[in-house]
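In what follows, a structure is listed as structure tokens, so that the remarks can point back to it.
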Amino acid sequence: MISVIICSRISTIDSNLESNIQDTVGVDHEIIVINNENNQYSITQAYNIGVSKAKFEIVCFMHDDITYNSKNWGRKVISHFKNPKVGAIAVAGSPFHSFFPGSWFSSKILNIYLLQGDKNKDKLSYINQINQITESNEIVSFDGCWFCVRKKMFSKIRFDEVNFKGFHFYDADLALQIYRTGMKVITVNDILISHFSGGSMNLDYIKHSMLFHQKWKRELPVYAHIIPRQIKIKAEFTTLEEFIWICSKNHTLNKKTWKKVLLMVLERHYFHIKTPYYIFKSLKKILY
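So the sequence shown is numbered by full-length UniProt numbering: it starts at 1 and just counts up by one.
See below:
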């Protein structure tokens, strides 16, 4: 029924995690552990290997620092995929992905059902939120801590091993690949997991944010539903503001970075807010 794929930082997964999966899944399953003890694989390479080994029709990708709180979560996964239009499910994501570099959560238009740990891994916060703008569970981007995909989707999609070698934006990239096929990506609120670690907004995050933007910029912004223009603009610049803050925190706000950021603002105005081309061209010359 379900193939569970885990990229493990040690040779085997923790016995408590294995027991937790087996005690809660409630359906036939297999656990595929990709041993990455020596860091020989990127997360995208490991997951592609896992997909090639999977024998069931639903593939579940999970970090090795989560536990399941919901009994029979496997049955619930199967139930969601009874809708033939659903290509993937997740527990956290957004119906909007900005034109500007930054993650799905930067827009503040969020769908989340999760027990999330803090940086010290000693406190869990319960988050049960569906965005108030669309009030829908359809999304275009999701968090990689836990998500499931129809295996047959991998005839059209693949984890991008070229651009995304770290732990950032490989998930957002796959979500957009699925969305582009015309299949739905949704968040679910009947499978509760505990995720014990938070993300790291480091130099690797900045690098992969820029790579993601470069790959998808001609298709961004993307949204699952119609979102009012003023809310989209606010979400765009909230994302940009957070990205600039992350760059500043990592001491990367040099002249080159500012030029890139300003050019993105100009491109956003030209392609989506219809700034006259001669103004766009003149301002671009000033930057370069």
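Quick reminder that beta carbons are idealized off the backbone N, C-alpha and C, glycines included.
- Distance from the CA of aspartate 204 to the CA of alanine 92, rounded to the nearest whole angstrom, comes to 22 Å.
- Apart from the 5 residues on each side of it in sequence, isoleucine 49 sits with its Cβ closer than 8 Å to the Cβ of Ile34 and Tyr41 in its chain, given in chain order.
- Beta-bridge annotation (DSSP): threonine 187 is paired with Ala90.
- Threonine 24 and alanine 54 have their C-alpha atoms roughly 20 Å apart.
- A distance below 7 Å between beta-carbons, with the five flanking residues on each side excluded, links leucine 124 to the following residues of its chain, in chain order: Leu115, Gln116, Gly117 and Ser194.
- By the 16-neighbour rule on beta-carbons within 10 angstroms, glycine 102 is buried.
- In terms of Cβ geometry, phenylalanine 100 and leucine 240 form a close pair [threshold 7 Å].
- Counting of Cβ neighbours within 10 angstroms places isoleucine 21 among the buried residues, the total reaching 16 or more.
- Listed as beta-bridge partners of phenylalanine 212 by DSSP are no residues whatsoever.
- Nearest neighbour of serine 98 by Cα position, chosen from Val77, Phe243, Glu57 and Ile58, turns out to be Phe243.
- Remark: C-beta atoms of histidine 213 and phenylalanine 164 do not approach each other more closely than 7 Å.
- For the pair isoleucine 191 and valine 86, the CB atoms are not nearer than the 7 Å cut-off.
- Under the DSSP definition of a beta bridge, cysteine 247 lacks any partner.
- Contact check between the segment 73–85 and the segment 168–177: fewer than three CB pairs, one atom from each, fall below 8 Å, which does not count as touching.
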